[in-house]
Amino acid sequence: MAFEEMVSILRREDYDGKRGPYTRPNMRKDKIMSSIVTALEAKFGTKRSKE
Numbered sequence: 004m005a006f007e008e009m010v011s012i013l014r015r016e017d018y019d020g021k022r023g024p025y026t027r028p029n030m031r032k033d034k035i036m037s038s039i040v041t042a043l044e045a046k047f048g049t050k051r052s053k054e
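Residue 42 in our numbering sits at position 39 of the sequence shown, and the numbers go up by one each step.
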């Protein structure tokens with residue numbers, strides 16, 4: 004699995020496709036996921052999927 008695919012999975016709101024987008028966003032999860040994505044981009048240096 005490529006790095007870009009992992010990031011796109013982390014950024015998806017509906018993981019299993021059953022409920023649709025969250026009506027009440029989980030702010031704690033969003034904060035944690037944004038820090039993870041930022042750390043992965045800093046570590047691997049990939050910002051776009053076609054690089």
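For each residue, glycine too, the CB sits at the ideal point set by N, CA and C.
Same chain, Cβ closer than 8 Å to residue i, neighbours up to 5 away in sequence not counted
i  : result
M9 : L43
Nearest-angstrom beta carbon gap, residue j and residue i [assumed within contact, 8 Å]
i   : j   : result
M30 : L13 : Wrong, their Cβ atoms sit about 16 Å apart, outside the cutoff.
Cut-off 7 Å between Cβ atoms - residues of its own chain near residue i, not counting five sequence neighbours on either side
i   : result
S11 : none
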